[in-house]
Amino acid sequence: MAYPYTHEKEVRVLSRGWGDPATRTLEGWKALEGYDGLAKALEMGREKVIEVVKASGLRGRGGAGFPTGVKWSFMPKEKKGVHYLCCNADESEPGTFKDRELMRWTPHQVVEGCLIAAYAIQADHVYIYCRGEFFEANQVLARAVEEAYAAGLAGKDILGSGASIEVTVHQGAGAYICGEETALMNSLEGKRGLPRIKPPFPAAVGAFEQPTTVNNVETLCAIPHIVRNGGEWYRQWGSEKSPGTKLFCVSGHVRRPGNYELPLGFPMNELIEDVCGGIPNGRKLKAVIPGGASVPIMDAEDCDGCSLDYEGVVERGSMLGCASVIVMDDSTNLVKQVRRMVDFFAHESCGQCTPCREGTTWLAQILARIEMGKGTEEDLDTLLDLGAQMTGTTICVLSDSAAVPVASSIEKFKDDYLSLIRRGEPVGAD
Amino acid sequence: MSRPTRSSSSGDIPFRNPGWAGNTGEFDLSEAEVRGTEYVGRIPADGGHPGASATRPYMLEEKEPSAPLFEGPFRERFEKILTRYPEKQGALLPALGLAQELRGHISPETMAEVAEMLGLSEAYVRGVTSFYTMYNKRPVGRFLIQVCTNISCNLCGGDEVLEAFLEHTGTELGETSQDGLFTVMEVECLAACGFPTAVQINSKYFENVSVDDVPALLDHLRSEVG
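As you go down the protein sequences, you meet chains A and B in turn. Numbers 768 to 1197, taken from this note's numbering, label the letters of the first sequence in order. Numbers 664 to 889, taken from this note's numbering, label the letters of the second sequence in order.
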């Protein structure tokens, strides 16, 4: 069965095996040059692997866009104790649905990426922290790990190289915040998923108090291809600062939502109009969230001519995040959707910092009041003031993230708020 | 919180999703028919390789709320899990998952038993259990129906799908239907945003579920019980 959402403009590197059940097996993955990257990495030696990844310019695909090779080089060169690699597979940013597909279609791509990365940073153990709700992905990964062990690709003395790396699939239990790297490590240790104060950074004191690197699934999936083909090869796509391909998760009001692997820098107009078939029902574009619920909302003018890479989206006042493009047509009332997102952040706040624990709930209550047609114009000032106090005042950025859609929607779509306030009727009453 | 609802444009989405059911209406497609493999939920009884032992299905079909922790294959899996973490405490989340798989929910008694096994205090385990949404703190129905109403699903009618599940099961949000079959809950983003509305029923995802699909989907679930 072919993966049904493909487009001729796609460059399918990471998504190459999607839709073919055979790719889920070791044999099927090997047929796509699988584990050649691992064999090559073991021959090259770990410093060389880090160099190649640095040369490729690969940036972390979990949202922050930090250069992966540089992150790896923060790990201690002289090993004193145990090192860990955590694969962040706790995908739960609203609008993002790429990692689940990577894991359920190409589990060996994930495992191979983990093994190469672990080798580069001298990790003894890889924990794939996979989101709890992903029962399917967890089982698919679990079977892939078994196959890898049986084939001598994981465990002791991998492929006769002397390197030993253990791999464990760790299934989460339902908490968005565990996608934050330090919360993930606490959760792995059997604690509540509370983010930690940094410094110390994970490369110094991470999981089980040992040096640790946390990488996103998509980042790790790019590694085997980069090692196999070289850093320059990866730079044939994208821009100088944002090289390579990226999975774009498009959802909302488009004819063909789905995952599309495209070169970074792809034009937003073309993504929505051509690749995704445009907006249905004769509607017009109203707003786009380009990188998941945590980034500022863009209006149609911001979107026009926007280049989808890390720099291009920042130029238009937002962030690429994990390239989770949520498209909204002109029938959408932003107040309702922003309220829903803030409800989410209020539910997912871990509760340890007061500005976030209280602030997210207050924002949600005020927004619900406006949505019901019972708001006042002063409420908008209160929302902005609250949001400002929630920004930069907490351990992690969940608090900042909750304030972002509120502030950007008031800035760009004030009429949605004002019409509800002035009419005094709930959303949908018109 | 009461919510105003309105049918937002669900769009003329022309494709069918290869996940279970999707908008094909063929709810009894097996995993093999959908994807050509029989991977899902088929974990070896003994948990397989230790590296895979910390994964699990949500709940047994026939829950055993008073089953001992842990015996037979469950004991074997628990022992394997313990070998994968440098500290016993690391095994807490997988152990709670294993207990829930068997018993269907995590009662205060279960928390105490797990605490005992891992050398942790009961209060500590309760603190951890209450942090995570996937541990059911009270019994749920045979089918735990979790409907995503977060932004991407919401734009395409997630609220209405949730309403439809409540209406057709005759239950309240978070409650279990009188026949003990269905518990309906709202869930945060399931990471299937391109296939709205995403619904998780026990361990399985159902994607592209529309209001019109709900009665047939529920009938299908009822027929599974026989």
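Think of the CB as a built atom: it goes at the ideal place given N, C-alpha and C, for glycine as much as any other residue.
- For the stretch 766-798 of chain B, residues whose beta-carbon sits nearer than 7 Å to a beta-carbon of chain A comprise 790, 791, 794, 795, 796, 797 and 798.
- Positions of the alpha helix (DSSP H) runs, each at least 4 residues long and wholly inside the stretch 770-837 of chain B, are given as 771-781, 785-794, 814-818 and 821-832 in order along the chain.
- The three-state secondary structure of residue 1028 of chain A, taken from DSSP, is strand.
- If you keep only unbroken alpha helix (DSSP H) runs of at least 4 residues inside the stretch 783-850 of chain A, you get 793-797, 803-811, 813-823 and 835-840.
- Around residue 1026 of chain A, the beta-carbon contacts reaching into chain B at under 9 Å are 857.
- Within 9 Å of the CB of residue 755 of chain B, the CB atoms of chain A belong to 956, 957 and 958, in sequence order along the chain.
- Proximity of residue 1176 of chain A to chain B, defined by a Cβ-Cβ separation below 9 Å, is not satisfied.
- Proximity of residue 801 of chain B to chain A, defined by a Cβ-Cβ separation below 9 Å, is not satisfied.
- Counting C-beta pairs with one atom in each stretch, the stretch 1053-1061 of chain A and the stretch 1095-1112 of chain A have three or more that are closer than 8 Å, which means they touch.
- The beta carbons of residue 1079 of chain A and residue 1032 of chain A sit closer together than 9 Å.
- Between residue 805 of chain B and chain A, the shortest Cβ-Cβ separation is not below 9 Å.
- By DSSP's assignment, residue 741 of chain B forms no beta bridge with any residue.
- In the three-state reduction of the DSSP assignment, residue 901 of chain A falls in the coil class.
- Close to chain A, meaning a Cβ-Cβ distance shorter than 8 Å, are the following residues of the stretch 811-841 of chain B: 812, 813, 814, 815, 817, 818 and 819.
- Residue 781 of chain A: not part of any beta strand (DSSP E); DSSP gives it neither H nor E.
- The count of Cβ pairs closer than 8 Å, one atom from the stretch 892-904 of chain A and one from the stretch 927-939 of chain A, reaches three, so the stretches are in contact.
- Residue 1162 of chain A and residue 980 of chain A have their C-alpha atoms roughly 19 Å apart.
- For residue 1011 of chain A, the three-state secondary structure derived from DSSP is coil.
- Selection A:857, A:1067 and A:1119 evaluated against residue 962 of chain A yields A:1119 as nearest (Cα-Cα).
- A straight-line Cα-Cα distance of about 7 Å links residue 756 of chain B and residue 939 of chain A.
- Among the residues of chain A, those whose CB is under 8 Å from the CB of residue 760 of chain B are 899, 938 and 940, following chain order.
- Any Cβ of chain B closer than 9 Å to the Cβ of residue 1063 of chain A would place that residue at the interface, and such an atom is absent.
- By the Cβ criterion, the stretch 1058-1073 of chain A is not in contact with the stretch 796-809 of chain A, since fewer than three pairs of Cβ atoms, one from each stretch, lie closer than 8 Å.
- If you check the CB distance, residue 732 of chain B and residue 796 of chain B do not come in under 9 Å.
- DSSP, read as helix, strand or coil, puts residue 894 of chain A in strand.
- Residue 869 of chain A is not bridged by DSSP to any residue.
- Within a 10 Å sphere around the beta-carbon of residue 888 of chain A sit 16 or more other beta-carbons, which makes this residue buried.
- For residue 953 of chain A, there is no enclosing beta strand (DSSP E); the enclosing alpha helix (DSSP H) has its first and last residue at 948-955.
- Counting other Cβ atoms within 10 Å of its Cβ, residue 1176 of chain A reaches 16 or more and is therefore classed as buried.
- Annotation: the continuous beta strand (DSSP E) that includes residue 937 of chain A extends over 933-938.
- Just measuring C-alpha positions, the residue of A:806, A:831, A:807 and A:840 sitting nearest residue 818 of chain A is A:840.
- Note on geometry: alpha-carbon atoms of residue 1103 of chain A and residue 820 of chain B lie some 12 Å from one another.
- Residue state for residue 867 of chain B is assigned as strand, using DSSP reduced to three classes.
- Contact check for residue 793 of chain A against residue 918 of chain A passes: the beta carbons are separated by less than 9 Å.
- DSSP places residue 842 of chain B in no beta strand (DSSP E); its state is neither H nor E.
- Of the residues A:859, A:864, A:829 and A:876, the one whose Cα lies closest to the Cα of residue 791 of chain A is A:876.
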